[in-house]
Ligand code: NAD
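Set out below in structure tokens:
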């Protein structure tokens, strides 16, 4: 007996890592990060429509595994993501991810995608979108502290979206800095290798911290931060995992994605629960101001929020409609008579 072919509705487009890389090259990395930033901005502007919840985290001694769900009432999405700082020593990624979109009306999945690559693009797109709102006008130089998997994406998104022209690299592991500098060759940025975080922040208007360590680290100390800079703090994204000295937080105006999640995971876990913060969607919709003075220190306390992943998946779904670049997965049992699942199984008996 032949196995019945599933109907089209039961076939789910799947974007593999290989197809994702082809899609990025087809669109161009910087154009794709610009496109994802536009989708994130559009979704942040309709913030009230979304179901929002802090991500569901399962912690272990080595790292964390998280589920990040959201819905705009028509489409539901989630991302599975891990964070394991010790993985790189074993040749594994610190962060890997995949995600799914589903049709709210039927509950049927409409997209399954790798998201390790896509997370790097969406994190960088979010950082640059926020820096465009908060960094000092004419910012041209970024310090990039932590030169791992995210670092080139962060650098190129800041170039594509905010117009920076120089990155100053520092990592405690010189091999990571050499890798990042080599990868950024010929990408239209002046790249300077620095020997210390103090050296990296010299002359930088934007300071990005993107390190991975499961502890309350002090990548930036109070005396390193002068007036007028924008800090893009990416790496502190778990309870007990932060990058900034608390004194810096008290001197900064702090901007977050979703306070209920950031108070658990972000730099502000070091502050009182009622410490004032502004939300990015409020800045985008003009309800609260972004940067208001040349001397203000602005801090984006980034942890990564589910709506950014939803936006990135939405972008990919729209792109593959014309670009193809997906496999159709037979992942939903869909009997002709919806109540005859058993009969479908019987007919498939070899
Ligand atoms: P990675 O492991 O590839 O790179 C981290 C780098 O930090 C390594 O090269 C390491 O040597 C360096 N480092 C560690 N301690 C340092 C220190 N004290 N000073 C300077 N460099 C130091 O990790 P990745 O994938 O690039 O991710 C970096 C961090 O960003 C992780 O903590 C991850 O959880 C976080 N992240 C956040 C978001 C978000 O949305 N906010 C998204 C993705 C990743």
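Residue numbers (our numbering): 98 to 447.
Yeah, the Cβ is synthetic: ideal placement off N, Cα and C, and Gly gets one too.
Because the structure is a prediction, the values reported are computed rather than measured.
Where residue i falls, given that 16 or more other Cβ within 10 Å makes a residue buried
{"i": "residue 442", "result": "exposed"}
{"i": "residue 459", "result": "Nothing about residue 459 can be reported from this structure: the residues present for the chain run from 98 to 447 only."}
{"i": "residue 272", "result": "exposed"}
{"i": "residue 187", "result": "exposed"}
{"i": "residue 134", "result": "buried"}
{"i": "residue 243", "result": "buried"}
{"i": "residue 220", "result": "buried"}
{"i": "residue 338", "result": "buried"}
{"i": "residue 302", "result": "buried"}
{"i": "residue 321", "result": "buried"}
{"i": "residue 292", "result": "exposed"}
{"i": "residue 439", "result": "exposed"}
{"i": "residue 399", "result": "buried"}
Residues bridged to residue i (per DSSP)
{"i": "residue 329", "result": "305, 397"}
{"i": "residue 162", "result": "155, 179"}
{"i": "residue 266", "result": "241, 290"}
{"i": "residue 194", "result": "178"}
{"i": "residue 352", "result": "375, 397"}
{"i": "residue 199", "result": "173, 206"}
{"i": "residue 317", "result": "341"}
Local conformation of residue i per DSSP, three classes
{"i": "residue 293", "result": "coil"}
{"i": "residue 147", "result": "coil"}
{"i": "residue 439", "result": "helix"}
{"i": "residue 168", "result": "strand"}
{"i": "residue 453", "result": "Past the edges of the chain, shown from 98 to 447, lies residue 453, and the structure says nothing about it."}
{"i": "residue 271", "result": "helix"}
{"i": "residue 511", "result": "This structure gives no information on residue 511, because the portion of the chain shown stretches from 98 to 447."}
{"i": "residue 210", "result": "strand"}
{"i": "residue 110", "result": "strand"}
{"i": "residue 339", "result": "strand"}
{"i": "residue 346", "result": "helix"}
{"i": "residue 205", "result": "coil"}
{"i": "residue 130", "result": "helix"}
{"i": "residue 276", "result": "helix"}
{"i": "residue 98", "result": "Confidence at residue 98 is low in this model, with a pLDDT of 33, below 50, so its placement is unreliable and no value can be given for it."}
{"i": "residue 407", "result": "helix"}
{"i": "residue 426", "result": "strand"}
{"i": "residue 324", "result": "coil"}
{"i": "residue 368", "result": "coil"}
{"i": "residue 446", "result": "coil"}
{"i": "residue 232", "result": "coil"}
Residue i Cβ short of 7 Å to ligand 1 heavy atom set
{"i": "residue 220", "result": "yes"}
{"i": "residue 114", "result": "no"}
{"i": "residue 60", "result": "Any question about residue 60 goes unanswered here, given that the chain covers just 98 to 447."}
{"i": "residue 280", "result": "no"}
{"i": "residue 210", "result": "no"}
{"i": "residue 351", "result": "no"}
{"i": "residue 415", "result": "no"}
{"i": "residue 179", "result": "no"}
{"i": "residue 423", "result": "no"}
{"i": "residue 227", "result": "no"}
{"i": "residue 288", "result": "no"}
{"i": "residue 293", "result": "no"}
{"i": "residue 192", "result": "yes"}
{"i": "residue 243", "result": "yes"}
{"i": "residue 297", "result": "no"}
{"i": "residue 153", "result": "no"}
{"i": "residue 264", "result": "no"}
{"i": "residue 427", "result": "no"}
{"i": "residue 401", "result": "yes"}
{"i": "residue 430", "result": "no"}
{"i": "residue 261", "result": "no"}
Contact test: residue i Cβ vs ligand 2 heavy atom, cutoff 7 Å
{"i": "residue 141", "result": "As far as ligands go, the structure on display features ligand 1 and does not contain ligand 2."}
Residue-level contact to chain B via CB, residue i, 8 Å cutoff
{"i": "residue 217", "result": "Within the model displayed, chain B is absent; a lone protein chain is all it includes."}
May I ask you to verify whether the stretch 403-420 touches the stretch 361-368, counting CB pairs closer than 8 Å and requiring at least 3?
-> no
Taking contact to mean at least 3 C-beta pairs separated by less than 8 Å, is the stretch 156-175 in contact with the stretch 254-264?
-> no
Check whether the stretch 387-402 touches the stretch 230-249, counting contact only when three or more Cβ pairs, one atom from each stretch, lie closer than 8 Å.
-> Result yes; three or more Cβ-Cβ pairs closer than 8 Å.
Can we say the stretch 131-148 touches the stretch 266-280, given the rule of at least three CB pairs closer than 8 Å?
-> no
Touching by the beta-carbon criterion (3+ pairs, under 8 Å), the stretch 303-318 and the stretch 327-334 = The stretch 303-318, when compared against the stretch 327-334, does touch it at the 8 Å Cβ threshold.
Does the stretch 421-441 touch the stretch 350-364, meaning 3 or more C-beta pairs lie closer than 8 Å?
-> no
How about the stretch 193-206 and the stretch 170-179: do they share at least three Cβ pairs that are nearer than 8 Å?
-> Result yes; three or more Cβ-Cβ pairs closer than 8 Å.
Taking contact to mean at least 3 C-beta pairs separated by less than 8 Å, is the stretch 199-218 in contact with the stretch 313-324?
-> no
Could you tell me whether the stretch 372-389 touches the stretch 128-142, where touching means 3 or more Cβ pairs closer than 8 Å?
-> yes
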